[in-house]
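Participant:
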Amino acid sequence: MADHTLLQTKPKNIGLTTALLLILPLIALGGVIALFLSTGGGLGLSSPAPLEDLSIERTILTPGSIDLVVRNAGPEEASIAQVVINEAVWPFQVTPSAAIPRLSEATVHLDYEWVQGEAYGVTLFTANAIAFDAEIPVAFSTPQPTSHTFWSFTLIGLYVGVIPVYLGLFWFPALRQLGRRWMVFLLAITAGLLIFLGLDTLAEALELANVVPSPLQGIGLVGMGSVATFFLLDAISRRQTASGKSEASQRLSLAYMIATGIGLHNLGEGLAIGAAYNVGEIALGAFLVVGFIIQNITEGLGIIAPVLRDRPGVSSLALMGLVGGAPAILGAWMGGFAPNAALAVLFLAVGTGAIFEVVYEIAKLIQKDTARQPMPMTVFSGLVTGMMLLWVTGLLIK
């Protein structure tokens, strides 16, 4: 009774005294920081060398010119004083300014007649004579946003994401004829597929986090994106359950969540393919496309598994396929035209959180379906089969 009374108690408004007590430590903290910066903490030490860090985020090649997009990842302003290309000092222009403030971006422009297929090494020297290198392993005209290239990358996204996912959905009529044990087996396969996809997406995010400028904290982006997405989707799922929706509606919601998680993963695949084409690795890009086409047909199976016992409309199935496959188009555009490591890491992290939350929802559904008649070996074999499917098809990509 006492606990119930406490739960009903209205929260008190924050008074002036409480607000001051909350703010005073922050004011004192600001004072301590200002004192340290003005006195050096009383240590009397200074840095023996300038602390500079230029991150070369993109190289853009157009006929007769090379542009390098540079970000100042150091703690202080940095100025570009000299550019050397293939051991020759070369004239350059910097936009907006050769003096780059912390975390700001600038574009270094070189009027240089490069030769397609050749390799080039570019070195930027700051005013403090600190060198930063950029490699162009294969000179290739960078794709520009035109109607032709937009359509080309759209086709890549269709081939990689939309078409194979929809082909997987075509299994729906045949799979509906299977018995209850097979339904549980397919759910377990879906969980296995998603576990593999989640681990793969997490590995890609962590690998890409290493090239994110250090002040942007790539690992932190991975943690925030994945954890926040997991708990956001979990909160949405719990609200739907508490709203008293029918089991069929909850299973349909789960199918959409699976499609969303797979779609975010396919966004990452599109980014990888677009980035490969962006730097001229045409053979690698084509290799990735063929591999992902084969691998992604299994994703359609994962999307429909929760609703096999129901009768979702054709429009629902079509929308699921679009949600699961179309992000590959967006990823191909981003990777092909404007690759950005920090943004890619964040998208991959969000995909990781979404995928693992969906695995958690599938596990709850399997537990509910097998409460009266446990099927541990069926679940085990389904999980292993799902992971093995993606491992085997992954041999065509890695």
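The opening residue of the sequence shown carries number 87 in the numbering used here; numbering runs sequentially from there. Cβ atoms here follow ideal geometry from the backbone N, Cα and C, with glycine treated the same way. Note that the coordinates shown come from a computational prediction; the quantities given were computed from them, not determined experimentally.
Along the chain, where does the beta strand (DSSP E) containing residue 206 start, and where does it finish?
Facilitator: Run containing residue 206: 206-212, per the beta strand (DSSP E) assignment.
Participant: With DSSP collapsed to three states, give me the class of residue 424.
Facilitator: Of the three classes helix, strand and coil, the one that applies to residue 424 here is coil, per DSSP.
Participant: Can you tell me whether residue 324 is buried or exposed? The criterion is at least 16 other CB atoms within 10 Å of its CB, across all chains shown.
Facilitator: By the 10 Å Cβ count, residue 324 comes out exposed.
Participant: Let me know the secondary structure DSSP gives residue 154 once reduced to three states.
Facilitator: Residue 154: strand per DSSP, three-state reduction.
Participant: Buried or exposed for residue 384, please, with buried defined as at least 16 other CB atoms from any protein chain shown within 10 angstroms of its CB.
Facilitator: Buried: at least 16 other Cβ atoms inside 10 Å.
Participant: Output needed for residue 222: all residues of its chain with C-beta closer than 6 Å, excluding positions within five of it in sequence on either side, in chain order.
Facilitator: So the qualifying residues of the chain are 145, 206.
Participant: From the DSSP output, which residues share a beta bridge with residue 193?
Facilitator: Note: residue 193 sits in a beta bridge opposite 155, 181.
Participant: Report yes or no: do three or more beta-carbon pairs, one from the region 436-444 and one from the region 284-301, lie closer than 8 Å?
Facilitator: The region 436-444 vs the region 284-301: in contact.
Participant: Quick check on this structure: which residue in 411, 444, 464 has the alpha carbon closest to the alpha carbon of residue 241?
Facilitator: Among 411, 444, 464, the Cα nearest to that of residue 241 belongs to 411.
Participant: Are the CB atoms of residue 169 and residue 196 within a distance shorter than 8 Å?
Facilitator: Going by C-beta atoms, residue 196 is nearer than 8 Å to residue 169.
Participant: Report buried or exposed for residue 158, applying the criterion of at least 16 other Cβ atoms within 10 angstroms of its Cβ.
Facilitator: So residue 158 counts as buried.
Participant: Between the C-alpha atoms of residue 252 and residue 317, what's the straight-line distance to the nearest angstrom?
Facilitator: Rounded to whole angstroms, residue 252 to residue 317 spans 29 Å at the Cα level.
Participant: How big is the Cα-Cα spacing for residue 335 and residue 405?
Facilitator: Residue 335 and residue 405: Cα-Cα distance of roughly 15 Å.
Participant: Given this structure, state the Cα-to-Cα distance separating residue 292 from residue 109, to the nearest angstrom.
Facilitator: Rounded to the nearest angstrom, the two C-alpha atoms are 37 Å apart.
Participant: How many whole angstroms separate the CB atoms of residue 156 and residue 191, which I take to be in contact at a CB cut-off of 8 Å?
Facilitator: Contact holds; Cβ gap of about 7 Å.
Participant: Pull up the CB-CB distance for residue 471 and residue 270, whole angstroms please, since I reckon it's below 8 Å.
Facilitator: No, residue 471 and residue 270 are not in contact; Cβ-Cβ is about 12 Å, not under 8 Å.
Participant: Counting Cβ pairs closer than 8 Å, one from the region 355-362 and one from the region 425-433, do we hit at least three?
Facilitator: Output reads yes: the region 425-433 touches the region 355-362.
Participant: Can you list, in chain order, the residues of its chain with a C-beta nearer than 7 Å to that of residue 442? Leave out the 5 residues immediately preceding and following it.
Facilitator: Excluding positions up to five away in sequence, the list reads 284, 316.
Participant: Can you list, in chain order, the residues of its chain with a C-beta nearer than 7 Å to that of residue 150? Leave out the 5 residues immediately preceding and following it.
Facilitator: So the qualifying residues of the chain are 197, 199.
Participant: In the structure shown, what three-state DSSP assignment does residue 145 receive?
Facilitator: Residue 145 falls in the strand class under three-state DSSP.
Participant: How is the beta strand (DSSP E) around residue 169 delimited, first residue to last?
Facilitator: 164-171 is the extent of the beta strand (DSSP E) around residue 169.
Participant: Tell me, which residues are paired with residue 221 by DSSP?
Facilitator: In the DSSP output, where bridge partners are listed per residue, residue 221 has 207.
Participant: Given that a residue counts as buried once 16 or more other Cβ atoms are within 10 Å of its Cβ, and exposed if not, what is residue 477?
Facilitator: Flag for residue 477 reads exposed.
Participant: Taking just the CA atoms, how far does residue 262 sit from residue 487?
Facilitator: Given that the chain is displayed from residue 87 to residue 484, the structure contains no residue 487 and the question cannot be resolved.
Participant: Ignore the nearest five residues each way along the sequence and tell me which others in residue 87's own chain have a CB closer than 8 Å to its CB.
Facilitator: Low per-residue confidence applies at residue 87: pLDDT is 45, beneath 50, and the placement is therefore not dependable, though the value from the model is reported in the following sentence. Answer for residue 87: no residue qualifies.
Participant: Tell me whether residue 328 is buried or exposed, calling it buried when 16 or more other Cβ atoms sit within 10 Å of its Cβ.
Facilitator: With fewer than 16 other Cβ atoms within 10 Å, it is exposed.
Participant: Along the chain, where does the alpha helix (DSSP H) that runs through residue 462 open and close?
Facilitator: From DSSP, the alpha helix (DSSP H) with residue 462 extends over 462-480.
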